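Peer 1: Under the working numbering, the first residue of the sequence shown is numbered 42, with each subsequent residue one higher. Structure incoming, see below.
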Amino acid sequence: MLIVIVTILQFSLYFILDRYKYYRIKWVVFILIVFCNLVFFPDIFIQKFREEEGGTIRCGLPVMAIHLAFWIFGNGASVFTHIVYRFIKIKNRE
């Protein structure tokens, strides 16, 4: 669910930045979202998982799965959103 929210936020920020003619800042937004997918967002879900398990994690596999899911699906969605938005803007210019 967080990946979908971040994707919608990314698309909305791109639209707002284009409206106010801040074209170069889109790269900063993209890099910030990729960084958050690598570092911050997995930790949010790991803390939720720890609370459900009573404060500790008995196995490292869920932690690794959460990190890999955000690295693959979160960054994949960010790259896909960035590329699709670029193609839409190029198509509209023609």
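Think of the CB as a built atom: it goes at the ideal place given N, C-alpha and C, for glycine as much as any other residue. Since this is a predicted model, take the numbers as computed values, not measurements.
Give a yes or no on whether the C-beta atoms belonging to Gln51 and Val70 are separated by under 8 Å.
Peer 2: yes
Peer 1: Which of helix, strand or coil does DSSP assign to Phe91?
Peer 2: The residue asked about is misnamed: residue 91 is Arg in this sequence, not Phe. Residue state, collapsed to three classes: helix.
Peer 1: Under a three-way DSSP split, which group does Met105 fall into?
Peer 2: The answer is helix: DSSP assigns Met105 an H, G or I state.
Peer 1: Assign Gly101 to buried or exposed, taking buried as 16 or more other Cβ atoms, counted over all protein chains shown, within 10 Å of its Cβ.
Peer 2: exposed
Peer 1: Could you give the DSSP three-state label for Lys62: helix, strand or coil?
Peer 2: Assignment of Lys62 by DSSP, reduced to helix, strand and coil, places it in the coil class.
Peer 1: So Tyr55 packs on Tyr126, CB below 8 Å; how close in whole Å?
Peer 2: 5 Å
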